[in-house]
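K.L.:
One structure, as structure tokens, below. Some questions next.
Residue numbers (the numbering used here), protein chains in the order written: chain A, 13 to 178; chain B, 5 to 188.
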């Protein structure tokens, strides 16, 4: 799918050498593509917070990491984002599918879906909302700019990104 | 043998190792016994020592990484053992000092005081090299003979903390000197 291909290219252009993932149905195509291409090391993880630790260790060793997760995972990660990434100034990229927003069929996703942007603002994490294929072009520049400042970022992927895709 | 004694026994073996150390009194005790630029002291994110160690081990396969972790912290992030065993990095040694308590917060009991056996969990997660040391005199010979591999070493310890001041390094200083030490 065009959206997944473009997301993959954005990850590559952001010099990311390690991908950690907790699956989401919306990310299925991207995760399959990462496995198929087999160019970037991909490690499935058991919980999002674990990924924050692995990414921090990889950064200490000179490698840039992206974590693929559902927005629900931000709730599992806040302490590590603040007391590891922020205080040590370690930059990380979180690619986050936005569940619980328009078109959501599972009611339990809605409470976290509604507070995703307020939560990101509250914890001081820079984010980029991607709701169309065209906007994917903005991702790598956004990541590179913030990495220079040792700041972590979230790339929030809306359901409409895949709807607008061929 | 308390945690401090365990750290004293392993301190001579830290040469050429990058060390990720658990938050709280374990880090303070390590700082007191043998501070080095190659020690990364955690100041927050309890439970993530093994995960940070895995990331570093993958990024730097030519370096030997030691993770010094406690029972209370590991119980917060058991899934990490599963991920590490699957990746099986041959340059990562986990040293789990099990004193059956949350030592930094008032010595409250952890579940390892009762039925939980963290070395058995490590085996169940797929670690091939799992060891349990219960006596002080076992430590030196064991580490003298330790080869490369992905190891999980549980060391039984008694309750007790050394009374020490906070580490006089902030997070940025800890990170910068650690990263610089990797490059040289």
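All residues carry an ideal CB built from backbone N, CA and C; glycine is no exception. Quantities reported herein were computed from a predicted structural model and do not represent experimental measurements.
Express the C-alpha separation of residue 140 of chain B and residue 135 of chain A in angstroms, rounding to a whole number.
P.N.:
When rounded, the distance between both Cα atoms is 45 Å.
K.L.:
Per the contact definition of three or more C-beta pairs closer than 8 Å, is the region 161-178 of chain A in contact with the region 81-95 of chain B?
P.N.:
The region 81-95 of chain B, when compared against the region 161-178 of chain A, does not touch it at the 8 Å Cβ threshold.
K.L.:
DSSP three-state label for residue 195 of chain B, please.
P.N.:
Since the displayed chain B opens at 5 and closes at 188, residue 195 of chain B lies outside it and no answer follows.
K.L.:
Under 7 Å Cβ-Cβ, which residues of chain A neighbour residue 81 of chain B?
P.N.:
Under the 7 Å cutoff, chain A gives 62.
K.L.:
So, under 8 Å CB-CB, residue 15 of chain A and residue 152 of chain A are touching, yes? Tell me the CB distance rounded to an integer number of Å.
P.N.:
Between residue 152 of chain A and residue 15 of chain A the Cβ distance is about 15 Å, and since that is not below 8 Å, they are no contact.
K.L.:
Would you grab the beta carbon distance between residue 33 of chain A and residue 80 of chain A for me? Rounded to a whole angstrom, and I think it's under 8 Å.
P.N.:
Indeed they touch by this definition, with Cβ atoms about 4 Å apart.
K.L.:
Flag residue 14 of chain A as yes if its beta-carbon sits less than 9 Å from any beta-carbon of chain B, otherwise no.
P.N.:
Residue 14 of chain A does not count as touching chain B.
K.L.:
Over what stretch of residues does the beta strand (DSSP E) that includes residue 32 of chain A continue unbroken?
P.N.:
Per DSSP, residue 32 of chain A belongs to the beta strand (DSSP E) from 30-33.
K.L.:
Residue 70 of chain B bridges to which residues according to DSSP?
P.N.:
Beta-bridge pairing links residue 70 of chain B to B:23, B:97.
K.L.:
In chain B, which residues lie less than 9 Å from residue 30 of chain A when you measure between Cβ atoms?
P.N.:
The contacting residues are 59, 62, 63.
K.L.:
Is the shortest distance between the beta-carbon of residue 47 of chain B and the beta-carbons of chain A less than 9 Å?
P.N.:
Taking Cβ atoms only, chain A reaches closer than 9 Å to residue 47 of chain B, which makes this a yes.
K.L.:
Mind checking if residue 108 of chain B is an interface residue toward chain A, Cβ cutoff 9 Å exclusive?
P.N.:
No, because no Cβ of chain A sits closer than 9 Å to the Cβ of residue 108 of chain B.
K.L.:
Indicate whether residue 164 of chain A and residue 104 of chain A have their beta-carbon atoms separated by less than 9 Å.
P.N.:
In contact: residue 164 of chain A and residue 104 of chain A (Cβ atoms closer than 9 Å).
K.L.:
Drop a sphere of 10 angstroms on the beta-carbon of residue 119 of chain A, count the other beta-carbons inside from all chains shown, and report buried for 16 or more, exposed for fewer.
P.N.:
Burial call: exposed.
K.L.:
I'd like to know whether the C-beta of residue 31 of chain B is nearer than 9 Å to at least one C-beta of chain A.
P.N.:
No, because no Cβ of chain A sits closer than 9 Å to the Cβ of residue 31 of chain B.
K.L.:
Suppose the cutoff is 6 Å on Cβ atoms and the five residues either side in sequence are ignored; what does the same chain contact list for residue 106 of chain A look like?
P.N.:
The answer, listed in chain order, is 79, 166.
K.L.:
Let me know the secondary structure DSSP gives residue 9 of chain B once reduced to three states.
P.N.:
In this structure, residue 9 of chain B counts as helix in the three-state DSSP scheme.
K.L.:
Report the neighbours of residue 116 of chain A on chain B: residues whose CB is nearer than 7 Å to its CB, in chain order.
P.N.:
Within chain B, no residue comes near residue 116 of chain A; the closest Cβ sits about 27 Å away, beyond 7 Å.
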